[in-house]
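As you go down the protein sequences, you meet chains Z and X in turn. Residue 15 is where the first sequence starts when you use the working numbering, and the numbers rise one by one after that. Residue 15 is where the second sequence starts when you use the working numbering, and the numbers rise one by one after that. Note that CB positions come from ideal geometry on N, CA and C, so glycine has one too.
2 protein chains.
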Amino acid sequence: MDSKLVKNAIGRIVPTEVNGKQAVPFQGVGKYKPTGKKTAPPVATCADYPADGNKIVADIKTALIKAGIKDGMTISTHHHFRNGDLVANQIFDAAAEIGVKDLMWFPSASFPCQAPIIEHQKNGVIHHIEGSMNGPLGDYCSQGKMRGLGVLRSHGGRYQAVQDGEVHIDIAVIAAPTADPFGNANGLTGPSACGLLGFALADSQYADKVIIVTDNQVPFPCVPWQIQGNYVDFVVVMDKIGEPEKIISGTTQITKSPDRLLIAEMTAQFVKDAGIMKDGFSFQAGAGGTSLAFAIYLKEMMKDAGIKARFVRGGSNQYLVQMLEEGLTDYILDGQTFDLDGVRSMRENPGHVNTSPFTSYNYHGKGNFASMVDAVVLGATEVDINFNANVVTHSDGKLLHGIGGWQNCLFSKCTILPIPSFRDRIPVIVDEVTTVCGPGELIDVVVTERGIAINPKRTDLIDATKNSSLPIRSIKEIKAEIDEIIGSKPEKPKLGDKIIAVVKWVDGTILDSIYQVQD
Amino acid sequence: MDSKLVKNAIGRIVPTEVNGKQAVPFQGVGKYKPTGKKTAPPVATCADYPADGNKIVADIKTALIKAGIKDGMTISTHHHFRNGDLVANQIFDAAAEIGVKDLMWFPSASFPCQAPIIEHQKNGVIHHIEGSMNGPLGDYCSQGKMRGLGVLRSHGGRYQAVQDGEVHIDIAVIAAPTADPFGNANGLTGPSACGLLGFALADSQYADKVIIVTDNQVPFPCVPWQIQGNYVDFVVVMDKIGEPEKIISGTTQITKSPDRLLIAEMTAQFVKDAGIMKDGFSFQAGAGGTSLAFAIYLKEMMKDAGIKARFVRGGSNQYLVQMLEEGLTDYILDGQTFDLDGVRSMRENPGHVNTSPFTSYNYHGKGNFASMVDAVVLGATEVDINFNANVVTHSDGKLLHGIGGWQNCLFSKCTILPIPSFRDRIPVIVDEVTTVCGPGELIDVVVTERGIAINPKRTDLIDATKNSSLPIRSIKEIKAEIDEIIGSKPEKPKLGDKIIAVVKWVDGTILDSIYQVQD
């Protein structure tokens, strides 16, 4: 197969082949229609599994050997421990001991704690990574040092890719805070409790072999079974699988910046004035500090107005938990607990419901939850004058973030990006974003400290807010003001010609390319 | 394909073709190893579903038309309402109005309330039924009047057949006591609450099109979503889908017969004396009156001895619920609520856990729950001197019962059949059962009012009880006593040569044939 470069429906240059597989260029939102059937794992038989249900083996290395690990296989992990994961590095240390090479690591996201994986890329154990690369691994990839292309997928896109057979997982390793010897597992209890295990759902359902790793073994049955033992081949018990106190990463603390607090308050005011905040409504706020502040402002406005939400979507945190406990929402529909209050609430409160990328985000399902959310508040590293937005690269071109659920959330009825107009004297509203992660047609509102820009396509929102006191302005007007303040044009990032990663859209097509950064 | 008749591993004559598909004769317990992959439904896309999540259509007929109903398709339903179902008949009335013919009905079980389906077999709308046929439909089939062969599968076998692609469901219709417009559904609440919907799980996962029918629409999200809306195409709201008071069928009332009470007590005593009843143990008791009485006797013995179970398996009923509420078990792992106390408990008690044929019974999974159960107590219509047992036909040869979870439960560590030695002067222990539903090697103990027979293979059980006061005897000895009392040999049923149905084993192979009954 010869890879060519083509221009996709949004005008971006993308390869037609990614890591040896044919790739479809982005065709427009809702335009690509999949054909064919879902992928299917081998049929198993109880005759090959212990009748007493005890699937425990000695250690990770033994489990990998029994699972038939071989050169070139794909090994998957989840990131519910975020920067507190203690398992992923051990997997590839064990793989190195076994002596296998050229593995593909398929994490739902990687974090700085997994920087040792760089060594396993250098020594040949890992060929490349498909999955979000936050921090050092993204930097390594940006420098053009990774073999193969990075493939960035949203949480929903990862489920879609596995379900559709784009990515075949040979061995899934699922770190589980509680599990029984049969492999039933959850994230609710135990010393490493992280809340839920939804990011590992596709892995459990579709991988050829599934290994559960736990530090809290309970007698059968482990209830609830967020991961079902009927999908599991082997169980490994070890001392410690994660550091839950590190679940709280930098993205889960409220901003202290006065500008960003102002932006957060304006965002909440927009949701109120546009008539979105009404009884039975729903919203989702991302993990960034501004999004968190937004939720707190909105909560106060809801209390003042006597408004109750039907559901709020998490990433959960203490502020959403307070809303649930104060009766301001019927439900938290949660895909990822961002702090230990979230973990506790999910364990104790039947209204705090665990969801998965399948229920919430998979675009190749019969609908998903994301499009039913009335308003979603998300971060972005850049937005351009056509409302296209970037969330994975910085203005210097470096790949430092994953997509998370960001792309999936864009299908909300009202997508709002509250962003500062500058970061470190670099403008955030630009003529053209470094990397397109979200097509402008899905981004409805940009809130900056200099005013609120509504996407011209959303005449309904423009009408709804025209008599409000909100500082509604055109995005070009806001940009012109920023440019005037800065005076000179900002330097473009120094990018090479070499494509080091691609951004997939929620339907598996290629939305954009990410280039090597020149030193 | 020419169907031949062959002798299978247990010496029964079975066809090599069933309803136009090749069939594998039973090869022995654990001997047949499946190859290949699970079946897979078409990949869907959110682009084809309403963004607001509202999938409601006018009525069943509209839903069937939108689902593309055509001649020869397979339509599935579940039986959680047992004899109180109000939906199945309406489906085929609608199909008749649409004018389609030769449908295959694939219920998880059928009941007398569905006798009108006989008319749809006569008028050509339905070609044949694959699924348990309790009562009039079984009788109709026994008379040789059904086109096609009846195919009797266990609950686990039904999941296996769907998962493995043996049965392709074109349209699943799932009656749901509560649902939202997206299709999330559960059986816990609403006027027709039936507890859970596990029998419809495979249908939701693998059918091409899925229709939810509810009489209790709630706003999104319907929590919990026992059936996930992401699998659902259409939702129909109607006045009344079921009569939950009829969930309680004849099989869920405790026996009043002194003989059977004695048998039940002896069974409990056996479980105690054999050392099975100990802290952390587990058991399952079927739905028959004797099994229910067994559970009550065992409960008293547990209380007296200060023993607590780790889990009991339901079909749940008021007696199991009492055990849970009195702290005599940590969990009820429940596949089917048999009365309204079961429904209430599952709704209210986190220790009353809903399970599915996938978790509990599917033999083509990576293990299942059934083999982890310490003791299971089941009914039977006949047992032979080799411990083979029958549960679907009567001694007169008539097909009147389904298999239910019976075959799946045989994998328990100790399978006990408490049965009277006669029914209406017909001996229950025979030289050869009319129909083999369970191979003797899996049946460990037969308890009659004339003594307890332990399968000679289970030397461990023989040893464990040899110093007890239990009346342990050989099965031949018990049979000889029965024969002597009756005096004359009982008449053999008058069976024709025509095979009218087959009994599948849990792995999809053909265990036995059922013959037309001569008038």
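Problem - Three or more C-beta pairs below 8 Å linking the stretch 484 to 497 of chain X and the stretch 274 to 287 of chain X - result: Taking a contact to require three or more Cβ pairs closer than 8 Å, the stretch 484 to 497 of chain X and the stretch 274 to 287 of chain X qualify as touching.
Problem - Residue from Z:Ala-278, Z:Ala-323, Z:Phe-295 whose Cα sits closest to the Cα of Z:Ala-307 - result: Selection Z:Ala-278, Z:Ala-323, Z:Phe-295 evaluated against Z:Ala-307 yields Z:Ala-278 as nearest (Cα-Cα).
Exercise for the section: Would you identify the three-state DSSP class for Z:Asn-368, choosing helix, strand or coil? Expected result: Here DSSP, grouped into helix, strand and coil, assigns Z:Asn-368 to strand.
Exercise for the section: Check X:Met-15 in the structure and name its three-state DSSP category. Expected result: Residue confidence is low: X:Met-15 scores 47 on pLDDT, short of 50, so the model does not pin down where it sits. No coordinate-derived value is stated.
Practice task
Let me know the alpha helix (DSSP H) ranges lying completely inside the stretch 147 to 186 of chain X, each 4 residues or longer, listed in chain order.
Solution key: Fully enclosed alpha helix (DSSP H) runs of no fewer than 4 residues occupy 150 to 156, 169 to 177 of the stretch 147 to 186 of chain X, in order along the chain.
Exercise for the section: Check whether the Cβ atoms of Z:Gln-240 and Z:Tyr-377 lie closer than 8 Å to each other. Expected result: Cβ atoms of Z:Gln-240 and Z:Tyr-377: not closer than 8 Å.
Problem - Cα-Cα separation between Z:His-415 and Z:Glu-314, rounded to whole angstroms - result: So the two alpha carbons sit approximately 31 Å from each other.
Exercise for the section: Return no unless some Cβ of chain X is closer than 8 Å to the Cβ of Z:Pro-11. Expected result: The structure shown does not extend to residue 11 of chain Z, since chain Z is modelled only from 15 through 533, so no value can be given for it.
Problem - CB contact below 8 Å: Z:Asp-607 versus chain X - result: Nothing about residue 607 of chain Z can be read from this structure; chain Z reaches only from 15 to 533.
Problem - Span of the beta strand (DSSP E), counted from its first residue to its last, around Z:Leu-431 - result: Unbroken beta strand (DSSP E) run through Z:Leu-431: 429 to 432.
Problem - Host alpha helix (DSSP H) of Z:Ile-310 (start-end) - result: Counting along the chain, the alpha helix (DSSP H) containing Z:Ile-310 begins and ends at 303 to 319.
Handout entry: chain Z contact for X:Thr-343 (CB, 8 Å cutoff)
Key = False, the Cβ-Cβ gap to chain Z never drops below 8 Å.
Practice task
Return helix, strand or coil for X:Thr-281, following the three-state DSSP convention.
Solution key: Helix, per DSSP.
Practice task
Please list, in chain order, all residues of the same chain as X:Ala-309 whose beta carbon is under 7 Å from its beta carbon, the five residues on each side excluded.
Solution key: The beta carbon of X:Ala-309 sits closer than 7 Å to those of Ala-299, Tyr-333, Leu-334, all from its chain and outside the five residues before and after it, given in chain order.
Practice task
Look at the alpha carbon of X:Lys-260 and the alpha carbon of X:Arg-96, and state the distance between them as a whole number of angstroms.
Solution key: Answer to the nearest angstrom: the Cα atoms are 7 Å apart.
Handout entry: Reduced DSSP secondary structure (H/G/I, E/B, other) of X:Gln-128
Key = The DSSP-derived three-state label of X:Gln-128 is helix.
Exercise for the section: For the beta strand (DSSP E) containing Z:Glu-498, list its first residue and its last residue. Expected result: Annotation: Z:Glu-498 is outside any beta strand (DSSP E); the continuous alpha helix (DSSP H) that includes it extends over 489 to 500.
Exercise for the section: Please list the residues of the stretch 323 to 335 of chain X that have a C-beta atom closer than 8 Å to any C-beta atom in chain Z, keeping them in chain order. Expected result: Listed in chain order, the positions of the stretch 323 to 335 of chain X with a beta carbon within less than 8 Å of a beta carbon of chain Z are Arg-324, Phe-325.
Handout entry: Segments of 4+ residues assigned as alpha helix (DSSP H) that fall wholly inside the stretch 197 to 222 of chain Z
Key = 215 to 220, all fully within the stretch 197 to 222 of chain Z.
Practice task
Give the single residue among X:Phe-295, X:Ile-500, X:Val-461 whose Cα lies nearest to the Cα of X:Val-387.
Solution key: Ranking X:Phe-295, X:Ile-500, X:Val-461 by Cα distance to X:Val-387 puts X:Phe-295 first.
Exercise for the section: Measure from the C-beta of X:Pro-534 to each C-beta in chain Z and report whether the shortest distance is under 8 Å. Expected result: One cannot answer for residue 534 of chain X here, as it falls past the ends of chain X, which runs 15 to 533.
Handout entry: Residues from the stretch 367 to 395 of chain X in contact with chain Z, defined by Cβ distance under 8 Å
Key = Correct list: Val-367, Phe-372, Thr-373, Asn-376, Tyr-377, His-378, Gly-379, Lys-380, Gly-381, Asn-382, Phe-383, Ser-385, Met-386.
Handout entry: Integer-rounded CB distance, given that X:Ile-489 should sit under 8 Å from X:Met-399
Key = The residue you asked about is not Met; residue 399 of chain X is Ile in the sequence shown. Sure, about 5 Å apart at Cβ, within 8 Å.
Problem - Members of the stretch 228 to 249 of chain Z that neighbour chain X once the beta carbon cut-off is set at 9 Å - result: Within the stretch 228 to 249 of chain Z, the qualifying residues are Pro-233, Phe-234, Pro-235, Val-237, Pro-238, Trp-239, Gln-242, Gly-243, Asn-244, Tyr-245, Val-246, Asp-247.
Problem - CB of X:Gly-209 within 8 Å of CB of X:Met-337, strictly - result: Remark: C-beta atoms of X:Gly-209 and X:Met-337 do not approach each other more closely than 8 Å.
Problem - Exposure label - Z:Arg-437; buried when at least 16 CB within 10 Å - result: Exposed, since its Cβ has fewer than 16 Cβ neighbours within 10 Å.
Exercise for the section: Check distances from the C-beta atoms of the stretch 38 to 65 of chain Z to those of chain X and list, in chain order, the residues that come in under 9 Å. Expected result: Those would be Val-43, Gly-44, Lys-45, Tyr-46, Lys-47, Pro-48, Thr-49, Gly-50, Lys-51, Lys-52, Thr-53, Ala-54, Pro-55, Pro-56, Val-57, Ala-58, Thr-59, Cys-60, Ala-61, Asp-62, Tyr-63, Pro-64, Ala-65, in chain order.
Exercise for the section: Check the C-beta distance from X:Ser-330 over to X:Gly-356 and give it rounded, since I have them as a contact under 8 Å. Expected result: Rounded, the Cβ-Cβ distance is 4 Å, consistent with contact.
Practice task
Out of Z:Ile-496, Z:Gln-177, Z:Gly-522, Z:Gln-532, state which residue places its alpha-carbon closest to the alpha-carbon of Z:Ile-507.
Solution key: One detail in the question is off: residue 507 of chain Z reads as Pro in this sequence, not Ile. When C-alpha distances from Z:Pro-507 are compared across Z:Ile-496, Z:Gln-177, Z:Gly-522, Z:Gln-532, the shortest belongs to Z:Gln-532.
Exercise for the section: Mind checking which residues open and close the beta strand (DSSP E) that includes X:Leu-525? Expected result: For X:Leu-525, the enclosing beta strand (DSSP E) begins and ends at 524 to 531.
Exercise for the section: Take X:Leu-202 as the anchor and find which of X:Ile-468, X:Glu-362, X:Val-444 has the nearest alpha-carbon. Expected result: With distances taken between Cα atoms, X:Leu-202 lies closest to X:Glu-362.
Exercise for the section: Please check if any C-beta of chain Z sits within less than 8 Å of the C-beta of X:Asp-6. Expected result: The displayed coordinates of chain X run from 15 to 533. Any statement about residue 6 of chain X would go beyond what the structure contains.
Practice task
Mind reading off the beta-carbon distance from Z:Ile-443 to Z:Asp-458? Whole number of angstroms is fine, and I expect it under 8 Å.
Solution key: A Cβ-Cβ separation of about 15 Å leaves Z:Ile-443 out of contact with Z:Asp-458 under the 8 Å criterion.
Practice task
Please determine, among Z:Pro-258, Z:Lys-380, Z:Thr-192, the residue with the shortest C-alpha to C-alpha distance to Z:Cys-236.
Solution key: Of the candidates Z:Pro-258, Z:Lys-380, Z:Thr-192, the one whose C-alpha sits nearest the C-alpha of Z:Cys-236 is Z:Thr-192.
Problem - Classification of X:Met-15 by the beta-carbon crowding that lies within 10 angstroms, buried from 16 upward - result: Residue placement at X:Met-15 cannot be trusted, given a pLDDT of 47 that sits under 50; the coordinates are not used to answer.
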